[in-house]
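Asks: Below are the structure tokens for one structure; questions will follow.
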Amino acid sequence: METVKRISLIVLLIGLFCLGFWIGYSYCCLPEKSDGFSKAVHVSFDDVVWVLEDLKQNERRYESAFDNEFLAELKHMHEDYGACFTLYVFEKADGFDIGDMPVKYRKELKENASWLKWGFHWISPDFDKNISLDDFKMSFFNVQNAISKFADSSSLSHVLRLHYFYGNDSIVSFLDSCNIKGLLCADDDRCSYDLTKRENEFMQKNFYVRRDVEYFKTNIRLENSLFLYYDLERLRNKDTLVIFTHEWAYDTRLHRFNYYKLCLNLEWLKKNGYKFTFLE
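In terms of UniProt numbering, the sequence shown opens at residue 1 and continues consecutively.
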């Protein structure tokens, strides 16, 4: 038994030594911190639908949109860190239709449009890359009209992240004609939207502009970041950052840890001089 304990202790010490060495080596390889004067960050949530369902279901009970726990926490983060957020929504999900949203919260959401915007994500959680352009157009207009109704046209985001980063040339051309200024691309090296392999490789290092649309790489997916502080530090040489998570991953009833990761993220961004923007 004593031998087993000693072996376990030795293995633990070796593991801790290796971890410490890796951390030390990793931090020695970090890039120089950017000293730019126009550092910007975009923070967003994908797959948003629960907050809308809650606002609709509690229309009679809520006196404010910020009686919703999720929106209340975002408001506190805005007040504490100056953070701005974009929520990318589905048109329909599980019997919910964004067109049924009440106008009760319109005045309040309009007043907070300077830091809280809403944008089209996809028709529903079910993804179909064979979607027709006509169906895409109809859903896009339905969402745009609904947001303008329950919030305001000033609450519309002109930079989008589409479901699974999908959008063929026809879809992107249509969005360009609708005054969409930017598309947020994948957080890995896959090709997003209608980018060619060569264009994607260029975008990975900077950003890419085609027609009047800017393509931005997403730098961090919060729910997948195990060492958030290190992930942020390795990006400290970049003047533009794009960070996102999903509504389902953030849900504080199930994933409270992601709430603390988001707060740590916002604190780091503020401390390092990044301005929260919508990249518009």
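We treat Cβ as the ideally placed atom computed from N, Cα and C, and that holds for glycine.
#1: Compute the distance between the beta-carbons of D231 and I220, then report whether it is under 7 Å.
#2: Return the bridge partner residues of E267 from the DSSP annotation.
#3: Could you tell me whether the stretch 149-169 touches the stretch 196-210, using the rule of 3 or more Cβ pairs below 8 Å?
#4: I need the straight-line Cα distance from Y274 to R234, nearest angstrom please.
#5: To which residues of the same chain is C84 closer than 6 Å at the C-beta, ignoring the five residues directly before and after it?
#6: DSSP state of V103, grouped into three classes?
#7: Identify which residue in K39, I98, S192 and F216 has its Cα closest to the Cα of V159.
#8: Let me check you understand the geometry: is the CB of W50 closer than 6 Å to at least one non-hydrogen atom of the ligand MG?
#9: Looking at W122: is its Cβ nearer than 7 Å to the Cβ of F90?
#10: By the three-class DSSP mapping on this structure, what secondary structure does Y230 have?
#11: Considering only C-alpha positions, which residue in the set E223, K270 and P102 is nearest to Y260?
#12: So with Cβ pairs under 7 Å, would you call E233 a contact of chain C?
#13: Mind checking whether A146 and I98 have CB atoms under 7 Å apart?
#14: To the nearest angstrom, report how far apart V51 and G95 are at their CA atoms.
#15: Considering only the alpha carbon of each residue, which of K92, C178, R256 and Y208 lies closest to C191?
#16: Counting along the chain, where does the beta strand (DSSP E) carrying A40 start and finish?
#17: Using the Cα positions of K205 and Y193, report the straight-line distance between them to the nearest angstrom.
#18: Leaving aside the five residues before and after L269 along the sequence, list all residues of the same chain whose C-beta is less than 7 Å from its C-beta, in chain order.
#19: Could you give the first and the last residue of the continuous beta strand (DSSP E) run that contains H163?
#20: Which stretch, first to last residue, makes up the alpha helix (DSSP H) that contains residue 285?
#21: Do you know offhand how far L279's Cα is from R61's?
#22: Exposed or buried, L184, counting other C-beta atoms within 10 Å across all chains shown (16 or more means buried)?
#23: What does DSSP give as the partner residues of Y208 in its beta bridges?
Replies: Per the coordinate set shown:
#1: Against a cut-off of 7 Å, the Cβ pair of I220 and D231 comes out as a contact.
#2: For E267, which the question treats as bridged, DSSP gives no partner whatsoever.
#3: Contact between the stretch 149-169 and the stretch 196-210 is absent, because fewer than three Cβ pairs lie under 8 Å.
#4: Those two C-alpha atoms are separated by around 15 Å.
#5: Listed in chain order, the non-local C-beta contacts of C84 below 6 Å within the same chain comprise W115 and F276, local neighbours out to five positions each way being set aside.
#6: Here V103 sits in coil by DSSP.
#7: Nearest option by C-alpha distance: F216.
#8: The ligand MG is absent from the structure shown, which contains no ligand whatsoever.
#9: Yes; because the gap between Cβ atoms is below 7 Å, this pair is in contact.
#10: Collapsing the DSSP output to three states places Y230 in a helix.
#11: Closest option to Y260, Cα to Cα, is E223.
#12: This model lacks chain C altogether, as it is built from one protein chain only.
#13: Going by C-beta atoms, A146 is nearer than 7 Å to I98.
#14: Near 14 Å, if we compare the C-alpha coordinates of G95 and V51.
#15: Among K92, C178, R256 and Y208, the Cα nearest to that of C191 is on Y208.
#16: Looking at the DSSP string, the run of the beta strand (DSSP E) that includes A40 is A40 to V48.
#17: Approximately 17 Å, taken between the alpha carbons.
#18: Spatial neighbours of L269 in its own chain (CB-CB distance under 7 Å, excluding positions within 5 residues in sequence) are listed in chain order as V41.
#19: Where H163 is concerned, there is no enclosing beta strand (DSSP E), given that its DSSP letter is neither H nor E.
#20: One cannot answer for residue 285 here, as it falls past the ends of the chain, which runs 1 to 280.
#21: Computed Cα separation, rounded: 35 Å.
#22: So L184 counts as buried.
#23: Paired residues: Y215.
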